Amino acid sequence: MLGLVYSLLQHFVQHTRQFSDVFQSEKSIVAKWSVGVGKVLIFCAFALFPVHTFAQAFPDQRTIDSLSASLKEGDTFLPDSTKLLLYLDLAKQNYHREAHTSLRYSKIALEYAQKLKDSRRQAEALHQIAFIQEYLSQHSEALHNEMQALELYKNIQDSLKIAKTVGYLGRIFLYTGNYPKSLEYSFQAVSLLEQLHEKKHMASPLDGIGHVYYHQGDYAKALEYKFRALHLSEEVGDSDRISVVAHNIGRVYFAEKNYPLALQYYERSQRIDEQVRDSVGLGISYMTMAEICGFVGQSERGKELARRAIVLCGKYQDTSSLAHSFTNLASLQKNLREYDSAMVNARRGEKYALACQDFRALQKAYRTMSEIAEEQGNMSLALNYHKQLLQLRDSIYSDENKQKMAQVQHDYEVSRREQEITLLNKERAAQRTIEILLVGIAFVLVAALVLALNRYSVQKKSEEKIRDQNRMLLQREQDILAADENLRKANMELQFNIERLQQLNDEKNDLMGIVAHDLKNPLSAIRITAEYLLETAQIHDIPSKHRELYDDIIHSANKMFALITDILSVNMLEQGGLQLEQIIMSPQEIVAPLLAEHLRHAESKQIIILHVQPAPNLYFYVNPQAMMQVCENILSNAIKYSPLGKRIWIEIEECPDNPAMVRFAVRDEGPGISKEDQAKLFRKFTRLAARPTAGEHSTGLGLSIVKMMVDAMHGRVFCESESGMGTRFVIDVPRAKRSNELQLMD
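In the working numbering, the protein residues as written are 1 to 746.
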């Protein structure tokens with residue numbers, strides 16, 4: 001997506017240069033202005049067109065190619081901050097295709113973030129690295145990197161990111177089998193999100209708590225927390241999370257062997273994945289539903305689902321899911337007695353399982369092939385596959401399970417040897433009997449018949465005993481594998497969409513900042529051109545309707561310029577890009593230019609501004625530009641919302657409740673602000689009930705900028721007002737003093 005934005009910006013730069021050439025060469029001033037405005041409007045149309053529309057127009061591979069091309073073409077002149085964003089986006093795009101490539105891109109992004117000393121991007125890159133390492137089963141490395149990300153988020157005091165990172169740590173502890181730690185971190189994440197009133201993100205840790213109880217075998221508690229997560233996701237309308245939680249509820253019912261309910265929730269997850277075109281999630285849903293169909297007697301439907309899963313998993317080269325899908329298809333074909341096709345697909349599942357070292361899929365393949373051979377009557381082949389299954393299980397389970405399986409195998413071998421000895425002894429006894437019965441033909445015939453019948457009976461009993469032992473072993477394996485076989489599938493689904501919203505928000509902020517910054521020069525050109533035209537019109541006595549048009553152009557350009565300035569200020573403050581260096585200033589250094597700037601506006605509305613002289617020993621410790629912008633905003637608002645003929649007071653005094661602070665206050669006789677509006681005052685793009693009294697323009701950003709700048713100067717801002725009684729805005733900033741020509745802060 002960033003590659004597409006970068007291409008659009010290149011397109012705009014090219015048009016801006018053309019506009020500059022035209023502006024230099026055109027003889028007609030009106031023609032110059034028209035061409036410039038046309039170029040600006042063309043760029044606005046491109047910039048404001050939804051970026052996600054372009055992203056949806058290309059498959060994932062095209063997006064990856066576009067990002068790679070942007071990096072290659074801009075390697076020499078792109079700033080490190082842009083390269084950082086491109087590498088992060090490349091890492092996320094490659095996650096489902098090439099996990100190791102994605103990990104490499106994430107580590108490069110981390111190096112750029114460390115070079116730029118960008119703590120937020122460092123944390124984001126560390127989280128991405130941990131996310132991929134968890135997918136690659138590198139649990140200890142993932143835990144280490146996620147802990148580092150948590151510390152960085154704590155340093156920058158990002159409460160939402162802290163809560164989400166704590167929740168993700170709970171999932172990592174879950175995958176490592178540390179269930180107490182997993183519950184501790186997951187409950188902590190839920191508590192933090194409740195304090196932030198972030199219902200949208202609360203479903204994930206609740207689902208994680210349910211997963212812990214699922215792995216502990218407490219299915220009732222698991223369902224309790226998973227249904228809480230589901231209802232919360234439905235309440236906030238998060239379809240992606242509904243799909244994930246519904247899938248996980250299906251897993252719990254599957255473990256309880258409640259196959260109809262399991263299938264019902266898997267189908268719900270499937271429907272959502274089809275609507276949002278989540279091919280990865282859809283492939284996993286098809287794969288699991290196919291397996292359930294085998295248990296509920298819907299083998300034909302299961303075959304179709306398994307084939308769909310193979311197509312989708314093959315598209316994204318998900319080798320592990322391909323292995324499970326082929327073994328599921330083989331098992332369903334076995335149920336339908338399609339033994340040849342079943343054996344072919346089971347061997348395909350074996351091949352993919354070996355390629356990705358997915359031993360659980362390999363177990364399913366060996367078990368299916370053993371059952372196929374047994375049902376075909378090929379007991380030696382069935383036993384061979386069964387031995388491979390036992391050897392494989394010995395290699396992936398704990399030492400305790402290995403000892404148990406070794407004991408079972410030993411008992412099986414001892415029993416088999418005893419049966420062989422018994423049969424051998426009986427054969428020898430039969431031979432001796434035959435030798436004895438040679439004395440009499442009649443006795444030999446009767447004895448031979450008895451021995452034949454006896455031998456047949458013993459052989460049938462021995463074969464039946466072997467089958468019973470095989471069934472017991474397979475049942476034990478099924479019980480052990482039921483809790484483990486879907487771990488890798490769940491990890492992929494749980495993490496796929498967690499960072500999507502934050503990524504889109506960051507891209508929006510970056511794009512808004514770039515667009516606003518690059519619009520300033522064209523707007524300045526428009527304003528200068530219109531001012532020049534107005535001066536020319538006044539000199540040459542051009543009709544008044546033309547001069548009014550030029551005035552309108554200048555007024556509109558000024559409004560847009562003010563809006564862009566506010567947007568840039570908000571963007572820089574939110575991203576930590578504005579460094580406020582504070583110095584000592586006297587109140588007069590602020591008030592004098594402030595009055596000169598706004599006196600004309602006040603006189604146009606017959607408003608009197610009264611300045612209460614401060615004590616001579618009061619000094620501010622502030623950033624000059626920030627303090628001036630804050631005071632201008634407060635005073636301009638007082639003029640803007642005051643009716644004609646009213647008064648405004650500027651007061652500077654020592655803060656009554658804190659001698660270490662100086663208070664700057666602006667009081668007016670306007671309509672006042674209601675309690676409801678006061679609660680919304682310092683938010684971005686806020687529209688209040690009160691309206692400017694002379695039709696002045698308001699962007700809704702001014703007070704939010706005031707709040708952020710005052711906070712950055714270690715001060716505070718608040719409002720005192722009642723409807724119909726006027727308004728008083730108060731700004732408290734650090735106080736400073738002068739001593740022996742040295743400027744020291746109190």
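Even for Gly, the Cβ is constructed at its ideal location relative to N, Cα and C. This structure is a prediction, so every number in the text was calculated from the model and none was measured.
Within the region 602–678, the complete alpha helix (DSSP H) segments of 4 residues or longer fall at 624–641 and 675–678, listed in chain order. Take the alpha-carbon of residue 486 and the one of residue 493: they are about 11 Å apart.
In the three-state DSSP reduction, residue 721 falls in the strand class (E or B). Taking residue 179 as reference, the option from 364, 91 and 214 with the minimal CA-CA separation is 214. Secondary structure at residue 583: strand, using DSSP grouped into helix, strand and coil.
Collapsing the DSSP output to three states places residue 498 in coil. Excluding five sequence positions before and after residue 81, the CB atoms of its chain that fall closer than 7 Å to its own CB belong to 116, given in chain order.
Judged by DSSP secondary structure, residue 100 falls within the alpha helix (DSSP H) whose first and last residues are 99–116.
The C-beta distance from residue 152 to residue 122 rounds to 6 Å, short enough to fall under 8 Å. In this structure, the straight-line span from the alpha carbon of residue 192 to that of residue 268 is close to 30 Å. In the three-state DSSP reduction, residue 79 falls in the coil class, being neither helix nor strand. The beta carbons of residue 624 and residue 661 sit no closer together than 8 Å. Its Cα nearest to that of residue 321, the residue 291 stands out among 291, 338, 334 and 344. A check of alpha carbon separations from residue 616 across 609, 604, 588 and 628 identifies 588 as the nearest. With a contact defined as Cβ atoms closer than 8 Å, residue 159 and residue 196 qualify at about 6 Å. For residue 527, the closest of 106, 540, 549 and 539 by C-alpha to C-alpha distance is 549. Note on the region 249–306: whole alpha helix (DSSP H) runs with a minimum of 4 residues are 259–276 and 279–295, in chain order. Secondary structure note for residue 187: its alpha helix (DSSP H) is the uninterrupted segment 179–195.
Taking 8 Å as the cut-off, the Cβ atoms of residue 359 and residue 312 do not count as close. Of the residues 582, 609, 604 and 605, the one whose Cα lies closest to the Cα of residue 595 is 609. Take residue 285, set aside five residues on each side of it, and the residues of its chain with a beta-carbon closer than 7 Å to its own are 247, 266, 269, 270 and 273, in chain order. DSSP places residue 682 outside any alpha helix (DSSP H), giving it a letter other than H or E. Nearest Cα to residue 387 within the set 363, 659, 673 and 376: 363. Residue 170 is classed as buried because its beta carbon has at least 16 other beta carbons within 10 Å across all chains shown. Only residues of its own chain outside the window of five on either side were considered, and among them 329 have a CB closer than 8 Å to the CB of residue 307, listed in chain order.
Bridge partners of residue 199 according to DSSP: none are assigned. For residue 637, the closest alpha carbon among the candidates 324, 701 and 437 is that of 701. A residue is called buried when at least 16 other Cβ atoms come within 10 angstroms of its Cβ; residue 369 meets this threshold and is buried.
Within its own chain, the residues whose Cβ lies closer than 8 Å to the Cβ of residue 245, once the five positions on either side in sequence are excluded, are 203, 207, 226, 229, 230 and 233, listed in chain order. In terms of CA proximity to residue 114, 148 leads the group 667, 148 and 138. For the set 376, 430 and 463, the Cα lying nearest the Cα of residue 449 is the one of 430.
Beta bridge pairing from DSSP links residue 729 with 666 and 719. Linking residue 333 to residue 462 through their CA atoms gives a straight-line distance of about 30 Å.
With respect to the 8 Å criterion, residue 365 and residue 346 are classified as neighbours on the basis of their beta carbons. The Cβ-Cβ distance between residue 255 and residue 490 does not fall below 8 Å.
In this structure, the straight-line span from the alpha carbon of residue 163 to that of residue 189 is close to 5 Å.
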